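Order-wise, the sequence lines are chains C and R. Here our numbering is used: the first residue of the first sequence is 1, the next is one more, and so on. Here our numbering is used: the first residue of the second sequence is 1, the next is one more, and so on. Beta carbons: idealized from backbone N, C-alpha and C, even for Gly. Note that the structure is predicted; figures quoted are calculated from it, not measured. All remarks here apply to the structure that follows.
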Amino acid sequence: MVNESVIWNYLTEVADPEIPVLTILDLGIVRKVSIEGDHVQVTITPTYSGCPAMKLIEDEIIAKLREYKIDNVDVDLVLSPAWSTDWISEEGRDKLREYGIAPPEDEVDKSVLFSEPTVVPCPKCQSRNTRMISLFGSTACKAQYQCNECLEPFDYFKCLK
Amino acid sequence: MEHLFEYVIRIGDDSLILGQRLAEWCGHGPILEEDIAMTNISLDLIGQATTLLDYAAKIEGKGKNADQLAFLRFDKDYRNLLLVEQPNGDFGMTMMRQFFFDAFRKPFFEALQHSKDEQLSAIAEKSLKETRYHLKHSSEWVIRLGDGTEESHQRIQESLDALYRYTDELFYSDEVQKAMESAGIAPKMDDVRSEWNKTVDYVLNEATLKIPDNQWKFEGGRRGMHSEHLGYILADMQYMQRAYPGLEW
């Protein structure tokens with residue numbers, strides 16, 4: 001018998017297409033699973049408005065559940081409450097670090113226009129002596145940093161609250 | 001309902017046209033990091049446009065989708081601001097245009113979060129987070145270029161002089177705007193303007209830049225009366241769907 005917790009468990013096997021080290025559950029984008037009869041509804045939320053991975057993630061959820069003979073699946077998208085990096089799991093943060101991406105650090109009030117730059121520790125050598133190269137990076141969710149100690153350039157998963 | 005469609009199209013077209021403009025920088029940025037930054041901002045804006053135009057299509061109720069609204073309308077059906085269709089110019093011109101727009105969008109989305117229209121409120125909540133980040137980026141560049149070298153100062157002052165005349169339209173008010181305000185759907189433009197003024201005064205002061213004496217103001221975009229630049233943008237943007245109707249990738 002398929003129940004919601006079984007579905008949640010299957011979803012741990014769906015990786016984020018852009019950061020495959022994270023599952024979509026680590027990332028916190030699955031908001032709800034509900035079952036009515038044999039119909040399964042999975043609700044997801046985008047990280048960024050223009051995230052080009054959303055359609056792919058939707059297809060992968062459907063394909064994954066089909067592997068388990070669950071065919072009657074709909075995936076819908078909600079915008080509110082808006083996704084926050086606070087929803088990335090602790091396990092997800094460890095995985096990011098291991099992968100070479102610095103996980104989001106708590107930042108000061110975002111409504112302030114200018115503030116001291118956030119200290120982002122290097123994911124390789126843990127030094128706090130790092131510098132921001134660019135506010136934007138290879139995907140919508142990342143910024144570029146470099147470590148001043150070990151010189152490693154790295155991605156920072158920027159804080160979004 | 002007609003007013004709501006018109007209102008949503010305005011916000012959606014601003015995001016769409018500016019997103020398209022910024023995408024023109026792809027592969028042409030002055031440095032790699034800024035090339036990436038401008039295309040990232042473009043992506044956020046096109047994402048917002050998709051949600052907004054999708055919603056507009058639902059309100060319209062003619063069975064269209066966001067793509068059909070984006071790619072199959074004619075120039076006079078577009079409701080974007082004249083500001084966002086202005087050419088990219090040099091990097092400073094693009095940053096100045098972006099700054100004027102971001103400084104408007106931030107208080108606009110902050111207020112739109114409290115809209116009585118649930119879908120607009122959700123879109124605002126999502127977009128606000130992105131907009132704050134864009135504003136930080138564009139403000140920093142305006143300050144860096146304004147308070148930079150003699151040449152950078154002079155060039156960005158020229159951009160400011162060229163673009164300032166389009167900023168009054170940000171707060172355009174007409175029958176549609178007033179109806180949406182009184183329905184509790186649209187933010188009050190006077191409040192948004194006073195927040196915009198605060199940000200602009202602060203940043204231009206830091207940047208040692210001056211608002212031009214020539215206060216002549218342009219408007220027309222909200223009524224579908226555009227500058228000559230929009231046609232070229234649409235020719236580029238709509239080519240594929242005009243040549244191969246219904247094409248998907």
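May I ask which residues mark the beginning and end of the beta strand (DSSP E) holding residue i?
i	result
Met-225 (chain R)	Taken as a continuous stretch (DSSP letters only), Met-225 (chain R) belongs to no beta strand (DSSP E), as it is neither H nor E.
Asp-74 (chain C)	73-77
Asp-155 (chain C)	153-157
Ile-44 (chain C)	39-44
Tyr-172 (chain R)	Element bounds for Tyr-172 (chain R): n/a, residue is neither H nor E.
Lys-142 (chain C)	142-147
Going by C-alpha to C-alpha distance, which of the options sits closest to residue i?
i	options	result
Glu-152 (chain C)	C:Cys-125, C:Glu-4, C:Val-119 and C:Pro-104	C:Cys-125
Ile-24 (chain C)	C:Ile-57, C:Asn-72 and C:Val-6	C:Ile-57
Pro-17 (chain C)	C:Glu-149, C:Asp-94, C:Ile-61 and C:Glu-98	C:Ile-61
Phe-114 (chain C)	R:Pro-87, R:Lys-136, R:Phe-71 and R:Tyr-172	R:Lys-136
Gly-231 (chain R)	R:Ile-9, R:Ile-17 and R:Met-189	R:Ile-17
Asp-168 (chain R)	R:Glu-158, R:Asn-197 and R:Phe-91	R:Asn-197
Ser-134 (chain C)	R:Leu-32, R:Asp-174 and R:Glu-175	R:Leu-32
Glu-236 (chain C)	C:Asp-74, C:Pro-46, C:Arg-31 and C:Pro-103	Chain C is shown only over 1 to 161; residue 236 (chain C) falls outside these bounds and no answer can be derived.
Asp-147 (chain R)	R:Leu-209, R:Leu-170, R:Ala-183 and R:Lys-178	R:Leu-209
His-258 (chain R)	R:Lys-62, R:Gly-220 and R:Gly-184	This structure leaves residue 258 (chain R) out entirely; chain R is present only between 1 and 249.
Leu-163 (chain R)	R:Phe-5, R:Asn-214 and R:Lys-178	R:Asn-214
Glu-158 (chain R)	R:Gln-177, R:Phe-91, R:Ala-179 and R:Leu-128	R:Phe-91
Ser-121 (chain R)	C:Ser-80, C:Asn-129 and C:Glu-149	C:Ser-80
Gly-220 (chain R)	R:Phe-171, R:Lys-188, R:His-28 and R:Arg-242	R:Phe-171
Tyr-244 (chain R)	R:Trp-216, R:Val-176 and R:Leu-72	R:Leu-72
Gln-146 (chain C)	C:Ile-101, C:Glu-105 and C:Ile-70	C:Ile-101
Thr-85 (chain C)	R:Lys-126, R:Glu-60 and R:Val-84	R:Lys-126
Gln-20 (chain R)	R:Trp-216, R:Glu-34 and R:Leu-45	R:Leu-45
Ser-15 (chain R)	R:Leu-128, R:Glu-151, R:Glu-140 and R:Met-240	R:Leu-128
Arg-79 (chain R)	R:Gln-177, R:Met-189 and R:Glu-181	R:Gln-177
Tyr-133 (chain R)	R:Met-240, R:Ser-42, R:His-226 and R:Lys-188	R:Ser-42
If you draw a straight line from the alpha carbon of residue i to that of residue j, how long is it in whole angstroms?
i	j	result
Gln-238 (chain R)	Trp-87 (chain C)	38 Å
Val-203 (chain R)	Val-142 (chain R)	8 Å
Leu-145 (chain R)	Ile-156 (chain R)	7 Å
Ser-103 (chain R)	Thr-199 (chain R)	The sequence shown places Ala at residue 103 (chain R), rather than the Ser named in the question. Looking at the two C-alpha atoms, the distance is approximately 6 Å.
Arg-222 (chain R)	Phe-101 (chain R)	15 Å
Asp-38 (chain C)	Leu-247 (chain R)	34 Å
Gln-41 (chain C)	Glu-206 (chain R)	51 Å
Asn-9 (chain C)	Leu-65 (chain C)	11 Å
Ala-186 (chain R)	Ile-9 (chain R)	13 Å
Tyr-99 (chain C)	Ser-138 (chain C)	15 Å
Arg-97 (chain R)	Leu-11 (chain C)	43 Å
Asp-75 (chain R)	Gln-86 (chain R)	14 Å
Leu-160 (chain R)	Ile-211 (chain R)	7 Å
Leu-69 (chain R)	Leu-22 (chain R)	20 Å
Glu-228 (chain R)	Phe-5 (chain R)	25 Å
Ala-111 (chain R)	Glu-118 (chain R)	13 Å
Gln-144 (chain C)	Ala-56 (chain R)	36 Å
Asn-129 (chain C)	Gly-28 (chain C)	30 Å
Less than 8 Å between the C-beta atoms of residue i and residue j, yes or no?
i	j	result
Asn-65 (chain R)	Asp-54 (chain R)	yes
Glu-195 (chain R)	Pro-107 (chain R)	yes
Glu-4 (chain C)	Ile-35 (chain C)	yes
Asp-26 (chain C)	Ser-89 (chain C)	yes
Lys-95 (chain C)	Leu-22 (chain C)	yes
Val-149 (chain R)	Ser-49 (chain C)	First, the residue type needs correcting, since residue 149 (chain R) is Thr and not Val in the sequence shown. Contact flag unset, no.
Val-78 (chain C)	Arg-31 (chain C)	yes
Gly-47 (chain R)	Cys-141 (chain C)	no
Tyr-166 (chain R)	Leu-82 (chain R)	yes
Pro-46 (chain C)	Trp-83 (chain C)	yes
Note the first and the last residue of the continuous alpha helix (DSSP H) segment covering residue i.
i	result
Tyr-176 (chain C)	No answer is possible for residue 176 (chain C): the residues shown for chain C start at 1 and end at 161.
Arg-155 (chain R)	150-163
Glu-202 (chain C)	As displayed, chain C neither begins before 1 nor continues past 161, which places residue 202 (chain C) out of reach and without an answer.
Asp-26 (chain C)	24-27
Met-132 (chain C)	Met-132 (chain C) -> not in any alpha helix (DSSP H); beta strand (DSSP E) instead, spanning 130-134.
Tyr-7 (chain R)	2-23
Tyr-202 (chain R)	189-206
Lys-161 (chain C)	Looking at the DSSP string, Lys-161 (chain C) is not in any alpha helix (DSSP H), and its letter there is neither H nor E.
Arg-73 (chain R)	Neither: Arg-73 (chain R) is in no alpha helix (DSSP H) and is coded neither H nor E.
Ser-42 (chain R)	32-60
Tyr-133 (chain R)	118-146
Lys-55 (chain C)	54-67
Thr-94 (chain R)	91-112
Leu-81 (chain R)	Per DSSP, Leu-81 (chain R) belongs to no alpha helix (DSSP H) and is neither H nor E.
Would you say the beta carbon of residue i is closer than 7 Å to some non-hydrogen atom of the ligand COA?
i	result
Ser-138 (chain C)	Because no ligand of any kind appears in the structure shown, any question about the ligand COA cannot be addressed here.
If residue i sits next to residue j, beta carbons under 8 Å apart, how far is it from one beta carbon to the other, in whole angstroms?
i	j	result
Thr-131 (chain R)	Trp-25 (chain R)	Contact doesn't hold; Cβ gap of about 19 Å is too wide.
Ala-37 (chain R)	Phe-136 (chain C)	4 Å
Asp-13 (chain R)	Gly-224 (chain R)	In fact, because the Cβ distance is near 10 Å, the residues do not count as touching under 8 Å.
Arg-97 (chain C)	Pro-123 (chain C)	5 Å
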